[in-house]
Amino acid sequence: MPAWGDLVPVMEPARRDAAPSGLDALLGGLNPDQLRAVTHGSGPLLVVAGAGTGKTQVITRRIAWLIATRRAKPSEILGLTFTDKAAEEMAVRVDQLVPYGYTDTAISTFHAFGDGLIRDYALELGLPSDVRVLTRPEVVIFLREHLFEFDLDAYRPLGDPTRFLAALATLFSRCKDEDISPPDYIAHADRVAIEAASLAEAAGGAEPAGTATEAADAAAEEARRQRELANAYATYQRLMAANGCIDFGDQVALALRLVRTSAAARSAIAGRFKYILVDEFQDTNRAQAELVAVLAEDHRNITVVGDDDQAIYAFRGAAVDNILAFQDRYLGARTVVLRRNYR
């Protein structure tokens, strides 16, 4: 376990040989690009790093550097990643870098972090504090058990009423990943209905009936289906809340709703963390990117590390455009590219 003695004062080392002696071990062995990323001061930072470039080392040493230079206490730093294994590895590496007693950094997956917020603010979200998280198979079972509480027609065929349950579960999950709430979906269904009505009106004067009428009929059917899905999504969320349940997507979606709609909760949560660091940022979906954006809105001390050529979590709605749009969202953000591959 390292022993720094007195923590070093805040300063901006411009070169490796200018680093304070107390940071020698922490910054030793870093190449120039890694050093620039680790010792970045305040404000948004994008680190573009492919496999084998030492990106995990960069994010963990940056956490330790923020603590060592007194920019933040360990409890004021939030580190987020995607898998329990990655979160555990990050926590272990940070623990190895900082002295005993400086290991209170909040390092977790997005879903574990969101789950903690939901339980802390369950009352504000209309949920019990012992809310139950349903797995994907359990969601399908839940839908089956409550099937006839949904106003379904096209998606509950008489001959096979459970045929679309798995597809509905997927749709609801994707909506949450894409930051689409039930009211958002209902508004979308309203727009589709208006477009269908316009097509029907235009086709009404067509003589003889032809492609215009066929297009209007198809649009009307699509409008009915979208309305059915929007209502089903709203019903699903209502039933889940009434039964004290949430799903995997809710762990982020409800946390995002909380910090958007409750000024008190947002102030308390955002004020807790002076620095936010996100690993594998290319794998974030829209809801996850929005959650960290809200939390970092005031101080803008956000560091994201990602590979713009890799997005392994596409099945969870991961949007690689989040990493491409980072500088548009955070004007003046610094970008550091880790070019040296050590594999």
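In this note's numbering, each number is its position in the sequence shown, counted from 1, plus 1.
All residues carry an ideal CB built from backbone N, CA and C; glycine is no exception.
- In the same chain as T163, and ignoring 5 residues on each side of it, the C-beta atoms closer than 6 Å to its own belong to R145, in chain order.
- Rounded to whole angstroms, the gap between the alpha carbons of T236 and P45 is 39 Å.
- Under the three-state reduction of DSSP, G117 is assigned to helix.
- Beta bridge pairing from DSSP links L128 with no other residue.
- Excluding five sequence positions before and after S76, the CB atoms of its chain that fall closer than 8 Å to its own CB belong to D105, T106, A107 and R273, given in chain order.
- Taking C-alpha positions only, I119 is separated from F143 by approximately 21 Å.
- Leaving aside the five residues that flank V140 on each side, the residues in its chain whose CB is nearer than 6 Å to its CB run, in chain order, A170 and D248.
- Per DSSP, the continuous beta strand (DSSP E) segment holding Y276 begins and ends at Y276 to V279.
- Put simply, of F151, G127 and G160 the residue whose alpha carbon is nearest the alpha carbon of C246 is G127.
- Cβ-Cβ distances below 6 Å link R226 to A155 in the same chain, with the five nearest sequence neighbours on each side left out; the list follows chain order.
- For the pair A233 and F149, the CB atoms are not nearer than the 7 Å cut-off.
- Put simply, the stretch 30–43 does not touch the stretch 280–287. Fewer than three CB pairs are less than 8 Å apart.
- L296 and A217 have their C-alpha atoms spaced approximately 45 Å apart.
- Here A221 is not bridged, per DSSP, to any residue.
- Counting the other CB atoms within 10 Å of its CB gives T262 a total below 16, which places it among the exposed residues.
- Taking all protein chains in view, the Cβ of I68 is crowded by 16 or more other Cβ atoms within 10 Å, so the residue is classified as buried.
- In this chain, the beta strand (DSSP E) harbouring L47 covers L46 to A50.
- Cβ atoms of L172 and L230 come within 8 Å of each other, at about 7 Å.
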